[in-house]
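Residue numbers (the numbering used here): 1379 to 1649.
Read the structure below first, then the notes.
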Amino acid sequence: MTKETPEGDRIAKVLSRAGIASRREAERMIEAGRVTVNGKVITRAALNVTDKDTITVDGKLVGEPDPPRLWLYHKPAGLVTTTKDEQGRPTIFDDLPEDLPRVMTVGRLDLNSEGLLLLTNDGGIKRQLELPQTGWLRRYRVRIHGRPTDDTFAPLRDGITVDGQRFLPMQITLDRQQGANAWVTVGLREGKNREIRRAMDDIGLSVNRLIRVSYGPFQLGQLKQGEVEEIRRRVLRDQLGLEAQEPGPAPARRQVSRRPRGRKGAPGSRG
């Protein structure tokens, strides 16, 4: 006898789609007893729910998910891309605009890196953009200490292994020499932790500035440090295959205003 497939979707997926947290983080919240379904605390994520079920997280009702949205954010150096830092360092979630809904990051930029960081309220978009098979090129402007030649970067163009971790071939263009430093443009199709810094260090070069300028079709452009700009829904439809929706008014750029620490956001995976 064939076992019937339960109706609805897994609870962690529902929480992710509602912008509560990434699917993995939602599973941890469930295991910690922070989620109830129809008044009962659940501790296992192997549960399907439908729109008829009542779900709460930390006592707050989970409503209908908002339409999928995506923002560009110009991350300054000195901010951690995580919800809460054990060392008490400021995070990007401390400084996002007050009227921004709960968001998740698509990948990460480390403490000393800056530039384009994508934010979304939708766990499905986050997962789609982070999947290796998506294969979107990330471009970085990188300043390195030293006087490299074009041949210096041949090992990185071929792909190297650093501390047992394999890095795929990088696209590298030597742009110009500026005193004791050189500027290069680096393109990656995956984003392992501190990949560019570790790869450059392996060939004897030290990175002293790193700016992400694009993520797939999304560009940093003239966005100033700390500013946030929403992507039009029509662009999301075209680039991500989302269902057609009204584009709405032109998105505005907003400068961040510092908020008290402790704002709840959802962490992204390393990029």
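C-beta atoms are modelled at their ideal positions from N, C-alpha and C, and glycine is treated no differently.
Cβ shell of residue i (< 6 Å), same chain only, five flanking positions each side left out
{"i": "R1544", "result": "none"}
{"i": "G1397", "result": "R1480 and N1499"}
{"i": "P1510", "result": "E1568"}
{"i": "D1616", "result": "none"}
{"i": "P1595", "result": "Q1617"}
{"i": "R1575", "result": "V1585"}
{"i": "R1467", "result": "V1458"}
Proximal residues to residue i (C-beta, below 8 Å), its chain only, five neighbours per side dropped
{"i": "I1389", "result": "A1404, I1408, V1413, V1415, I1420, A1423, L1425, N1426, V1427 and I1433"}
{"i": "P1547", "result": "L1534, R1535, D1536 and G1537"}
For residue i, the nearest candidate out of the options (CA to CA)
{"i": "V1564", "options": "I1503, A1532, V1435 and T1551", "result": "T1551"}
{"i": "W1514", "options": "M1578, L1566, D1477 and R1576", "result": "L1566"}
{"i": "T1489", "options": "L1474, F1596, M1482 and V1458", "result": "The residue you asked about is not Thr; residue 1489 is Leu in the sequence shown. Comparing Cα positions, the closest option is V1458."}
{"i": "R1554", "options": "E1573, L1534 and P1526", "result": "P1526"}
{"i": "K1418", "options": "L1598, A1399 and V1435", "result": "V1435"}
{"i": "R1517", "options": "K1504, S1491, A1532 and V1540", "result": "S1491"}
{"i": "V1540", "options": "P1384, N1571 and Q1549", "result": "N1571"}
{"i": "E1573", "options": "G1542, I1609 and Q1600", "result": "G1542"}
Beta-carbon contacts of residue i that lie in its chain and below 7 Å, excluding the five residues immediately before and after
{"i": "I1538", "result": "F1545, A1577 and D1580"}
{"i": "R1395", "result": "P1443, D1500, G1501 and G1502"}
{"i": "E1464", "result": "none"}
Counted within 10 angstroms of its Cβ, other Cβ atoms place residue i as buried (16 or more) or exposed
{"i": "T1512", "result": "exposed"}
{"i": "S1584", "result": "exposed"}
{"i": "D1529", "result": "exposed"}
{"i": "A1399", "result": "buried"}
{"i": "K1438", "result": "exposed"}
{"i": "E1476", "result": "exposed"}
{"i": "R1406", "result": "exposed"}
Beta carbon of residue i nearer than 9 Å to that of residue j
{"i": "G1502", "j": "P1446", "result": "yes"}
{"i": "L1614", "j": "L1448", "result": "yes"}
{"i": "L1478", "j": "L1507", "result": "no"}
{"i": "V1484", "j": "V1440", "result": "no"}
{"i": "G1386", "j": "D1429", "result": "yes"}
{"i": "M1482", "j": "K1504", "result": "yes"}
query = Is the number of C-beta pairs between the segment 1512-1523 and the segment 1580-1596 that are closer than 8 Å three or more?
reply = Judged by pairs of C-beta atoms under 8 Å, the segment 1512-1523 touches the segment 1580-1596, as three or more such pairs exist.
ask   = Three or more beta-carbon pairs under 8 Å between the segment 1439-1452 and the segment 1595-1613, yes or no?
value = The answer is yes - the segment 1595-1613 touches the segment 1439-1452, with three or more Cβ pairs under 8 Å.
ask   = Counting Cβ pairs, one atom from each stretch, are 3 or more of them under 8 Å apart for the segment 1612-1620 and the segment 1553-1571?
value = No, the segment 1612-1620 is not in contact with the segment 1553-1571.
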